[in-house]
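Novice: The first sequence runs 503 to 1099 under the numbering used here.
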Amino acid sequence: MNLESTIGSLVAQVIDSLYGLKLDASQIQLQKTKREFEGELTVVIFPFVKAARKSPEQTGQEIGEFLLKHNPIVSGFNVIKGFLNLSISQSYWLETLKEIHSTVDYGKTTAKEDAETMMIEYSSPNTNKPLHLGHIRNNLLGYSISEIQKANGWKVVKTNIVNDRGIHICKSMLAWKLFGNAETPESTGMKGDHLVGKYYVVFDKAYKAEIAELMGKGATEEEAKKTAPLILEAQKMLLAWENDDKEVRQLWEMMNAWVYAGFDVTYKQLGVDFDKIYYESETYLDGKEKVEEGLANGVLYRREDGSVWADLTADGLDEKLLLRSDGTSVYMTQDIGTAKLRYDDYNIKKMVYVVGNEQDYHFKVLSIVLDKLGFEWGKDLVHFSYGMVELPEGKMKSREGTVVDADDLMTEMIDTARETSQELGKLDNCTPEEIERIARMVGLGSLKYFMLKVDPRKSMTFNPKESIDFNGNTGPFIQYTHARIKSVLRKAKDQGIDFSTISDINLTISEKESYLVQLLTEFPSIIKLAGEEFSPALVANYIYDLVKEYNQFYHDFSILKEENLQLKQFRLVLSESVAAIIKTGMGLLGIEVPERM
RNA sequence: GGUUUCGUAGUUCAAUGGAUAGAACAAGUGUUUCCUAAACACUAGAUCUGGGUUCGAUUCCCAGCGAGACCA
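#1: Helix, strand or coil: which one does DSSP assign to W656?
#2: If you draw a straight line from the C-alpha of Y951 to the C-alpha of L1022, how long is it?
#3: Look at the Cβ atom of I1093, then the Cβ atom of A908, and state whether they are nearer than 8 Å.
#4: Helix, strand or coil: which one does DSSP assign to Q997?
#5: Buried or exposed: where does E1024 fall if 16 or more other Cβ atoms within 10 Å of its Cβ makes it buried?
#6: Tell me whether A763 sits in a helix, a strand or coil according to DSSP, three-state version.
#7: Taking the beta strand (DSSP E) that S589 belongs to, which residues open and close that run?
#8: So L512 and T544 are in contact, right, with Cβ under 8 Å, and what is the actual spacing, rounded?
#9: My parser needs the beta strand (DSSP E) runs of 3 or more residues fully inside the region 962 to 1040; what are they?
#10: What residue from E725, G566, E784 and K719 has the CA that sits closest to E744's CA?
#11: Quick one: residues in its chain with C-beta nearer than 6 Å to the C-beta of F979, no 5 flanking neighbours on either side, listed in chain order?
#12: In angstroms with no decimal places, state the Cα-to-Cα distance between Y863 and F1055.
#13: Might you give, ordered along the chain, the residues of its own chain that have their beta carbon closer than 6 Å to the beta carbon of S887, omitting 5 neighbours on each side?
#14: Considering D910, what are the terminal residues of the alpha helix (DSSP H) in which it resides?
#15: Is it buried or exposed, G1046, if we count other Cβ atoms within 10 angstroms and call 16 or more buried?
#16: Cutting at 6 Å between CB atoms, please list the residues of its own chain near I671, excluding the five before and the five after it.
#17: Over the uninterrupted alpha helix (DSSP H) stretch that includes F877, give me the two end residues.
#18: What's the call for E794, buried or exposed, on a 16-neighbour Cβ count within 10 Å?
#19: Is R992 buried or exposed, if buried means 16 or more other CB atoms sit within 10 Å of its CB?
#20: What residues in its chain sit with their C-beta under 6 Å from that of S626, if we drop five residues either side in the sequence?
#21: On the DSSP letters alone, give me the boundaries of the beta strand (DSSP E) that D813 sits inside.
#22: Give the secondary structure of V832 by DSSP, where H, G and I count as helix, E and B as strand, and everything else as coil.
#23: Can you check which of these residues, L949, S809 and S969, is closest to T830 by C-alpha distance?
#24: If you draw a straight line from the alpha carbon of M962 to that of A763, how long is it in whole angstroms?
#25: What did DSSP end up calling G800 once you bin it into helix, strand or coil?
#26: Under a three-way DSSP split, which group does I575 fall into?
#27: Starting from the C-beta of K556, find all residues in its chain whose C-beta is less than 8 Å away, skip the five residues before and the five after it, and write them out in chain order.
#28: Please tell me whether L588 and V606 are closer than 8 Å, where the distance is taken between their beta carbons.
#29: From the DSSP output, in three-state form, read off S948 for me.
#30: What are the partner residues of H634, as DSSP defines its beta bridges?
#31: Could you give the DSSP three-state label for S626: helix, strand or coil?
#32: Would you mind sorting A816 into buried or exposed? The rule is 16 or more other CB atoms within 10 Å of its CB.
#33: Considering only their Cβ atoms, is the gap separating K792 from L875 smaller than 8 Å?
#34: From C932 to A919, what does the alpha carbon distance come to, in whole angstroms?
#35: When burial is assigned at 16 or more other CB atoms within 10 Å of the CB, is L1074 buried or exposed?
#36: Note down the Cα distance separating G977 from S1077, rounded to an integer number of angstroms.
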């Protein structure tokens, strides 16, 4: 039983016996005591004053006296306004630290055999261009929330749906065919996804030129866009693809293969992976089938032009297109097909889609449509809706060339980390491989932490001109603290000091030290909350607080030079526990921590 | 136009309805014979506006202003 629930149920008993007010322990408002007051845990008294018919101060006093008398954990109290601040005994903190220190994977709940499965979809790229900054946020959130749900005892299946078919890839294919001179990743030395992306841009330029020309001849913009030869040709290609045209399919397979090879490199560098990948080309037909079924059941209806719609006006939404009049599918159709396959493949309890908030409406609709089509889990799907990454001048726009490329950004971060290490001379006696490994950890750590410390629901700003910091509330700051602790622990080990446990439970420790132990006790509930709220940011901010406190402790107290052997042992145990939590917590964010840096 | 999300220091981010709104960066200033100074300490600086609910509002409700997204 943790401290909060112990004190909570005790307070509930007190106010029942004193004032006849029956409350559940969970209804007692407990919070960490603010730093400027004495004590560690605070009971908010205001909610009881009506029942007590006394002033908040008197009420607090009464409750405090009772607690002090009846529970040895409480070693003192003070009342300020309506707040009852409790001091917790040092031996309680020492016992608690001992327990934390000896717990393997402290904070995590490992999945049991019969644990339920949560499928988490993230990344979901199109195959016509490389990944960019927005994808980075998506991938990091997806990976991190997967780790967090695992730590909450779920079986997690990470999945990716690749949008590998459609007009977009046909555009790249066509441009390559027309202007590509048979270029390949090998012949150009370019990453496959970048090469294909290049031709997507080539298409766009040529297409725009055609539009301008047509408009010069008197066509309206709309007409020009529809009748430009290139777009007609691309549409023809898409049709040929759907009809299994051999040549088109071969080209498609070749260029997609280039893209996948490129994506693999990016994913690997970013440190994310998937248990199962679905391809739209393999699922969209299932979607159509399911739609036809819905049509037969009367859940959907067909308009005169042949298009198929879902009427969602009863749910407060509009009508939604599911199949175009020419029989081609839309995103929604694909999602229906993919969902069906997934539930056939796995015994999924909960389905989570990590997709930007621009798709809020889409997922509201998808949830209802799946429900109407008879998928019982449709209603409970989770859209993990995150905010966009914006540049100082607004949204990224590919036509204005303001897209921040994922590969470039990662390379830049790693380079900066390497340079910084060199300037500081920290790794002078490391091998080149080690230097590289650490530069990668730190560079990516900095990027990942930057993206994950922000509340996922909010949109965030990224300024590419100001490189991401390595000081302050950053990944490297946390990594550095970990490395520093490890260094102390190595030295302690060399000196033969035993810090496997705390042998003296009646030590006198400082306020700073007991506060650090208190912070450690919060870790499990942070993981739980992060899972419930789908917020890696909670973990990130917690680790930062912990590390900041630890650094103050490290600065103000000596560990290895402490003369009291018992105290020295305690501090080593404390430090090792902090390091373990840093490692676990950062692991939940997909960030590695080095032994030295 | 309809729906929706969001407005907190110069900037980037925090704050289950609770005490004097926290950090970091940027600015200025200190701390190395001592376990890693990628650290620590100090100075200065903010809740868009107007109502309401509450013992108590950055947080909840309404209106306005401003920004973004989606749907036309």
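Note that the Cβ used here is the ideal one computed from N, Cα and C, for glycine as well.
Since the structure is predicted, the reported quantities are computational estimates derived from the model, not experimental observations.
Specialist: Inspection of the coordinates gives the following:
#1: coil
#2: Y951 and L1022: Cα-Cα distance of roughly 20 Å.
#3: No.
#4: coil
#5: buried
#6: helix
#7: F585 to I590
#8: Between T544 and L512 the Cβ distance is about 14 Å, and since that is not below 8 Å, they are no contact.
#9: none
#10: Of the residues E725, G566, E784 and K719, the one whose Cα lies closest to the Cα of E744 is E784.
#11: Sequence-distant partners of F979 (beyond 5 residues in either direction) whose C-beta falls short of 6 Å from its own C-beta are missing from its chain.
#12: 49 Å
#13: N859 and D862
#14: A908 to L926
#15: One point to set straight first is that residue 1046 is Tyr, not Gly, in the sequence displayed. So Y1046 counts as buried.
#16: T629 and N630
#17: DSSP places F877 outside any alpha helix (DSSP H), giving it a letter other than H or E.
#18: exposed
#19: exposed
#20: The beta carbon of S626 lies closer than 6 Å to those of I663 in the same chain, with the five residues before and after it left out.
#21: V810 to D813
#22: coil
#23: S809
#24: Whole-angstrom Cα-Cα distance: 30 Å.
#25: Secondary structure at G800: coil, using DSSP grouped into helix, strand and coil.
#26: coil
#27: E564
#28: no
#29: helix
#30: D907
#31: coil
#32: By the neighbour-count criterion, in which 16 or more other beta carbons inside 10 Å mark a residue as buried, A816 falls on the exposed side.
#33: yes
#34: Between C932 and A919, the C-alpha separation is close to 15 Å.
#35: buried
#36: 19 Å
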